[in-house]
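J.: Structure below; questions to follow.
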Amino acid sequence: MRFSVFTLFPELLRPFTQEALLGRAAARGLLAFDLIDLREYAGNRWRKVDDAPYGGGAGMVIRVDVAAAALESLEAVPDEVILLTPAGQRFDQKMAEELAQQNHLALLCGRYEGFDARVETLVTREVSLGDFVMMGGEAAAACLLEAVARLRPGVIGDEQSWRADSYSSGLLDYPEYTRPAEWRAQAVPEVLQGGNHAAIERWRRDRALERTLARRPDLLATAGLTPQDSAALLSAGLSAEQLAQVGAPPPPRKSRKKTPAPAVPES
Ligand code: SAM
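Mapping to this note's numbering: the sequence shown position 13 is 783, numbers consecutive.
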């Protein structure tokens, strides 16, 4: 998969694409990164890419003709051209999974007051990292790269590991532990120290449900809950009414012991 990142500060992203798992995946040919300096396409000897906003006001705006010349320099048309902007659609795991299906993404990082609004005609989507404003799009591009690249086959090795992660599984991830088994009077839960895989699976699922209920109850409605999950949520404090509200199936019926019928007194 290829990422072509257009930025005024390619050196900010360079180490990011060369280190750790991204760097290793690039070395193995699984990923490719082009870090393209927008100033190369300024079209003037001062390499100036911005100008004052029409209508006045503070700050400078990146010219649309610079963005167009930079994008059109790519040898192949990318599958998606993504503008990073606080006014875009909020980035999430679902979007990362969609983007990971593509083979070539171009990312446009803004600075100053951002790009001339006509840049919208050059892009396939506008993406925001969240409801806050950063000084430039590079950190947003780095987050998008990390989230998308790790979903590509071979990048993190074991695909199952991301399928169980928060958001991909529909729930927040369950808590993980490693050695030491006891630390400052806090012991690793006993079930994880035994070898009963079914019990470990159920424990993990129950903890993921509890965490999601406590921290992100909005996720439960789309989490594909099972009757066993409903039972776990009821014991974690959700009411039967709330369970129905999130569209969870009823918990499994408890098998009741047959109580002998009361003896009918002889008349
Ligand atoms: N005037 C713009 C506004 O209020 O929407 C903010 C421009 S910001 C200072 C400069 C650049 O940082 C933007 O063009 C964008 O590329 C990037 N940026 C800032 N916050 C972002 C966010 N939450 N998500 C994605 N990109 C962001």
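The C-beta atom is built at its ideal place from N, Cα and C for all residues, glycine as well.
Taking the beta strand (DSSP E) that Leu875 falls in, what are its first and last residues?
T.: That run of the beta strand (DSSP E) goes His874 to Cys879.
J.: State the DSSP-derived secondary structure class of Ser1000, mapped to helix, strand or coil.
T.: Three-state result, Ser1000: helix.
J.: In three-state terms, what does DSSP make of Trp953?
T.: Here Trp953 sits in strand by DSSP.
J.: For the pair the stretch 795-807 and the stretch 907-914, tell me if three or more CB-CB distances fall below 8 Å.
T.: With a cut-off of 8 Å, the stretch 907-914 and the stretch 795-807 do not count as touching, because too few Cβ pairs lie within range.
J.: Does the stretch 884-901 come close enough to the stretch 839-858 that 3 or more CB-CB pairs lie under 8 Å?
T.: Yes, they touch.
J.: Looking at Thr855 and ligand 1, is the gap between the Cβ and the nearest heavy atom below 7 Å?
T.: Yes, ligand 1 has a heavy atom inside 7 Å of this Cβ.
J.: What does the Cβ neighbour count give for Ser1009, buried or exposed, with the cut at 16 atoms within 10 Å?
T.: Under this definition Ser1009 is an exposed residue.
J.: Can you tell which of Gly940, Val836 and Glu929 has the C-alpha that lies nearest to the C-alpha of Asp862?
T.: Considering only alpha carbons, the answer is Gly940.
J.: Less than 8 Å between the beta carbons of Ala866 and Ala917, yes or no?
T.: Contact flag set, yes.
J.: What residues are listed by DSSP as bridge partners for Thr992?
T.: None; Thr992 has no bridge partner.
J.: Enumerate in chain order the residues of its own chain whose CB-to-CB distance from Ala1001 is below 6 Å, with the five nearest sequence positions on each side excluded.
T.: Taken in chain order, the residues that qualify are Pro1021.
J.: Quick check: the stretch 781-801 against the stretch 822-833, are there 3 or more CB pairs under 8 Å?
T.: At 8 Å Cβ cutoff, the stretches do not touch.
J.: Measure the Cβ-Cβ separation of Leu869 and Leu875 and say whether it is below 8 Å.
T.: For Leu869 and Leu875, yes; Cβs fall inside 8 Å.
J.: DSSP three-state call for Ser774: helix, strand or coil?
T.: Of the three classes helix, strand and coil, the one that applies to Ser774 here is strand, per DSSP.
J.: Measuring from the CB of Val903, is there a heavy atom of ligand 1 at a distance below 7 Å?
T.: Result yes, Cβ under 7 Å from ligand 1.
J.: So, for Gln998: in the same chain, excluding its five sequence neighbours on each side, which residues have a beta-carbon less than 7 Å away from its beta-carbon?
T.: Same-chain partners within the cutoff: Pro1022.
J.: According to DSSP, Asp807 sits in a beta bridge with which residue or residues?
T.: Per DSSP, Thr777.
J.: Can you tell me the Cα-Cα spacing of Arg817 and Ile926, whole angstroms?
T.: Those two C-alpha atoms are separated by around 39 Å.
J.: Within the same chain, show all residues whose beta-carbon is closer than 6 Å to that of Leu778, passing over the 5 residues directly before and after it, in chain order.
T.: Closer than 6 Å at Cβ, skipping near neighbours: Leu808 and Arg881.
J.: Taking the straight line between their C-alpha atoms, what separation do you get for Thr787 and Phe773?
T.: Computed Cα separation, rounded: 10 Å.
J.: If you count every other CB in all the chains shown that lies within 10 Å of the CB of Ala1018, and 16 or more means buried, which is it?
T.: Its Cβ being crowded by 16 or more others within 10 Å, Ala1018 is buried.
J.: Please tell me whether Val834 and Arg888 are closer than 8 Å, where the distance is taken between their beta carbons.
T.: Against a cut-off of 8 Å, the Cβ pair of Arg888 and Val834 comes out as a contact.
J.: Whole angstroms are fine: how far does the CA of Leu792 sit from the CA of Asp928?
T.: Going from the Cα of Asp928 to the Cα of Leu792 covers about 15 Å.
J.: Identify whether Asp886 lies in helix, strand or coil by the three-state DSSP scheme.
T.: Coil.
J.: On the CB-based measure, 16 or more other CB atoms within 10 Å of its CB, does Thr992 come out buried or exposed?
T.: Exposed: under 16 other Cβ atoms inside 10 Å.
J.: For the alpha helix (DSSP H) containing Val836, list its first residue and its last residue.
T.: Run containing Val836: Val834 to Glu842, per the alpha helix (DSSP H) assignment.
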